[in-house]
Structure formats: structure tokens, C-alpha cells
Amino acid sequence: MTTVTPTSPVMSIDHSGTRAGYQWCRKLARTHYENFPVASFMLPQKLRDPVAVIYAFARCADDIADEGDLNDQQRLEKLDEMAAAVHRIETHQPPETPLYLALADTVQRHHLPLQPFYDLLSAFRQDVTQTRYANFGELMDYCRRSANPVGRLLLHLSGNAGERNQALSDAICSALQLINFLQDIGQDYAGNRRIYLPVDDMVRFNVSESQIAAGETSPGLRALVRHQAQRAAQLLRAGSPLGTRLTGRFGLELRAIVLGGSRVLDKIHRQENSYSRPRLNRADRLAIVWQALRQGFH
Numbered sequence: 078m079t080t081v082t083p084t085s086p087v088m089s090i091d092h093s094g095t096r097a098g099y100q101w102c103r104k105l106a107r108t109h110y111e112n113f114p115v116a117s118f119m120l121p122q123k124l125r126d127p128v129a130v131i132y133a134f135a136r137c138a139d140d141i142a143d144e145g146d147l148n149d150q151q152r153l154e155k156l157d158e159m160a161a162a163v164h165r166i167e168t169h170q171p172p173e174t175p176l177y178l179a180l181a182d183t184v185q186r187h188h189l190p191l192q193p194f195y196d197l198l199s200a201f202r203q204d205v206t207q208t209r210y211a212n213f214g215e216l217m218d219y220c221r222r223s224a225n226p227v228g229r230l231l232l233h234l235s236g237n238a239g240e241r242n243q244a245l246s247d248a249i250c251s252a253l254q255l256i257n258f259l260q261d262i263g264q265d266y267a268g269n270r271r272i273y274l275p276v277d278d279m280v281r282f283n284v285s286e287s288q289i290a291a292g293e294t295s296p297g298l299r300a301l302v303r304h305q306a307q308r309a310a311q312l313l314r315a316g317s318p319l320g321t322r323l324t325g326r327f328g329l330e331l332r333a334i335v336l337g338g339s340r341v342l343d344k345i346h347r348q349e350n351s352y353s354r355p356r357l358n359r360a361d362r363l364a365i366v367w368q369a370l371r372q373g374f375h
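Last residue of the sequence shown? That's 375 in our numbering, and every number before it is there in order.
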């Protein structure tokens, strides 16, 4: 994987195309359901478009790895094309498409490093080629590339990318990735034959692949899900001080994300059906915003 350093400003590009690119990214961010807010009203307005661009890049790569009728080789080739597009941004020649025009402008305006985008693509390539994880360490290495780069990019956007903040962000992002795995056990297997539960823990809790394939919830699977939920909760708590270290609306958004993750974990812990995806309702979201505001005054 190519290692890159923060890029120098890209050359000027067509402003009408860039505006259309940002509109395209905003629309994508609005039309995909997520339990955790994406470019929400809580963010400073100047950051909403860049956050939508980062989300759109990750969403497009994720869809290549997961959706449609492409075979594995075709998926890898399309992910390689995305990596080549990032490289073209690095060399001041962004592709003339909405996503990359907006991404090039975001990189230029906010002096973003490009390595996190390459890391994301490496994780999505792994989704195509690897469907089992031997242990929790392997799973965390995947989280390091699939989730943590997004948090680091957001810190760069807000001007808060110090070493301590990045470590706290990594804990939060890895926790959120683990939560997503627990929400989508059945969907991940049915759609792509992937299992994001460590194999050694499956053995420990007497959970078989055939049981997951059949959608059967057993005491062992419930115990394993709760075990993983506890790991996610520990990571979420470890990273949560970042929400009060960051000020203003960016800190508010982060506190809301942490509180949302915690609330989803509570639902996962209580539910009997391990294949049910817990969703945050309007009451949950109002409570999260209220708690996030209160924490900001402490």
C-alpha cells in the first residue's frame, strides 16, 4: 500500500463542477440510513460539506465491496480505480466526476492527508478477499483501516489532530465499527457470507457457522454478542473524553455519536434476537441531543 504524506494544495478546478460534486455528496449522505449522525445540524456549517464528502467516498467504496452483481475480481478492480483517483488528486489531476471534484476541493481547502483514504480502500479490498477473523486482534486490525481513518480525517478537518486526540478517536471509531458488526450479523452472512465474530470466540461460546447461516439464536450466540458488546463499550468509554476535549459544535456532534453508540449497545445487550438490527427512534435521538448538550456544560 502506498504511503503518502499530507498533500500540497491541488490546482484550481471548475467551480461549477465542484459545487455539483458537493451537492451529490450531500444527497448521498442524506439518503442512506445510519444509526450515527452524518454531517448533521450539530456540526459547524463549514464542516458539513467536507464530512459529507468523506462519507460519500467511504460509502461508494463500501458499496463496491458489498453491493451488486460484480465478481470479486471486478470489485477489486473498481477499488483499484478509486485508489488511482486518489493518486490523481495527489498529483493535481482529479477525475472529472462529482465525488472526486468535491474530494479534491476538500483535500485542498483543509490540507487533508491522503493516507487515510488509501487505508479505507485497503479495508474494503480485504472485505472482498477475507470473510473470517481468527481472533479479536485480526478484527481490530481491520477496524484500524476501516473505521479509524474517518475519525482521523474529521480531526484534521476541525484542526484537532494531536496525537492524544487521534488515540481517543481511534478507540471511538473501532467501537462504532464493532457495533455495526453486531447489528448486521445476519445481513453480513446472508449478503456476503462474512462473519465478523472472532473464530476463537465462536469456539469458546459454542457458536457454529451453520447456526449463523440458519439464523438461529442460541444462549451461546447471545453470550458471544454480549461479550463483543462489552468490548465495544470499553473502547467507547476509553475514547469518550474526546467529546469534552473538543469544543463547540464539533464536540457536540462527537458526544452525540458516543451517546448514540452507547444507546445502541444497550439495545443489543437487551435484545433476545441476535439478528435484529436495533434502531434509534425519535425519542432516543432527542435524549441523545439533550445529554450531549448537558455534557458540554460540565
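Don't be surprised by glycine CBs; every beta carbon is placed ideally from N, CA and C.
According to the neighbour-count rule (16 or more other Cβ atoms, all chains shown, within 10 Å of its Cβ), is Asn351 buried or exposed?
Here residue 351 corresponds to residue number 274 of the sequence shown, with the count starting at 1. Residue identity check: residue 351 is Ser in the sequence provided, not Asn. Flag for Ser351 reads buried.
The alpha helix (DSSP H) with Phe258 in it runs from where to where?
Taking the sequence shown and counting its residues from 1, the one referred to as residue 258 is at position 181. First-last of the alpha helix (DSSP H) with Phe258: 240-260.
Quick check: Ala133 and Leu105, are their CB atoms within less than 9 angstroms of each other?
For the purposes of this step, residue 133 is taken as residue 56 along the sequence shown, with counting starting at 1. For the purposes of this step, residue 105 is taken as residue 28 along the sequence shown, with counting starting at 1. In this structure, Leu105 lies closer than 9 angstroms to Ala133 by Cβ.
Could you tell me which uninterrupted alpha helix (DSSP H) segments, each at least 4 residues in length, are contained entirely in the region 173-231, listed from first to last along the chain?
List check, alpha helix (DSSP H) in window: 175-187, 192-206, 213-223.
Based on Cα-Cα distance, which residue from His187, Pro190, Gln372, Gly338 lies nearest to Gly328?
Taking the sequence shown and counting its residues from 1, one reaches residue 328 at position 251. It is Gln372 whose Cα lies nearest to the Cα of Gly328.
What's the gap between the Cα of Leu331 and the Cα of Arg229?
Along the sequence shown, read from residue 1 onward, the residue named residue 331 stands at position 254. Along the sequence shown, read from residue 1 onward, the residue named residue 229 stands at position 152. About 13 angstroms.
At what residues does the alpha helix (DSSP H) containing Asp143 begin and finish?
Position 66 of the sequence shown, counting from 1, holds the residue named residue 143. First-last of the alpha helix (DSSP H) with Asp143: 122-143.
What is the rounded straight-line gap between the Cα of Gly316 and the Cα of Ile262?
Mapped onto the sequence shown, residue 316 falls at position 239. Mapped onto the sequence shown, residue 262 falls at position 185. Looking at the two C-alpha atoms, the distance is approximately 25 angstroms.
Could you tell me the distance, in whole angstroms, from the CA atom of Asp278 to the CA atom of Leu301?
Residue numbering aside, residue 278 sits at position 201 when the sequence shown is read from its first letter. Residue numbering aside, residue 301 sits at position 224 when the sequence shown is read from its first letter. Cα to Cα, the separation comes out at about 7 angstroms.
Would DSSP call Leu148 helix, strand or coil?
Your numbering for residue 148 matches position 71 in the sequence shown. Inspection of the sequence shows that residue 148 is occupied by Asn rather than by Leu. In this structure, Asn148 counts as coil in the three-state DSSP scheme.
Start and end of the alpha helix (DSSP H) containing Val284?
On the sequence shown, residue 284 is found 207 positions in, with the first residue counted as 1. Where Val284 is concerned, there is no enclosing alpha helix (DSSP H), given that its DSSP letter is neither H nor E.
Could you check whether Arg209 and Val276 sit closer than 9 angstroms to each other, using their CB atoms as the reference points?
Mapped onto the sequence shown, residue 276 falls at position 199. Mapped onto the sequence shown, residue 209 falls at position 132. Taking 9 angstroms as the Cβ cut-off, Val276 and Arg209 qualify as a contacting pair.
Looking at C-alpha atoms only, which residue of Leu153, Pro193, Asn358 is the closest neighbour of Val163?
The residue given as residue 163 occupies position 86 in the sequence shown. Checked all of Leu153, Pro193, Asn358; the closest Cα to Val163 is Pro193.
What distance in whole Å lies between the Cβ atoms of Arg303 and His346, which are believed to be in contact at a cut-off of 8 angstroms?
Within the sequence shown, the letter at position 269 stands for residue 346. Within the sequence shown, the letter at position 226 stands for residue 303. About 6 angstroms separates the two Cβ atoms, so the contact holds.
In whole angstroms, what separates the C-alpha of Asn242 from that of Lys123?
Sequence index remark: in the sequence shown, residue 242 carries index 165 (1-based). Sequence index remark: in the sequence shown, residue 123 carries index 46 (1-based). Using only the alpha carbons, I get a separation of about 21 angstroms.
Using C-beta distances below 6 angstroms, list every residue in its chain close to Met88, excluding the 5 sequence neighbours before and after it, in chain order.
As a first step, residue 88 is located in the sequence shown; it is residue number 11 there, counting from the start. With a pLDDT of 42 at Met88, under the threshold of 50, the predicted position of this residue should be treated as unreliable, and no value is reported.
Leaving out the 5 sequence neighbours to the left and right, which residues in its chain are closer than 8 angstroms to Arg238 when beta-carbon positions are compared?
Taking the sequence shown and counting its residues from 1, the one referred to as residue 238 is at position 161. A small fix is needed here, since residue 238 is Ala in this sequence, not Arg. Cβ neighbours of Ala238 beyond the five flanking positions: Arg229, Leu232.
Taking the straight line between their C-alpha atoms, what separation do you get for Pro175 and Gly94?
Start at 1 with the first residue of the sequence shown, and residue 175 comes out as number 98. Start at 1 with the first residue of the sequence shown, and residue 94 comes out as number 17. Cα to Cα, the separation comes out at about 7 angstroms.
Using only alpha-carbon positions, find the residue among Pro171, Asp343, Gln348, Ile272 that is nearest to Pro296.
Sequence index remark: in the sequence shown, residue 296 carries index 219 (1-based). Selected option, being the one with the closest Cα: Gln348.
Under the three-state reduction of DSSP, which class applies to Pro318: helix, strand or coil?
Within the sequence shown, the letter at position 241 stands for residue 318. In the structure shown, Pro318 sits in coil (DSSP, three-state: anything other than H, G, I, E or B).
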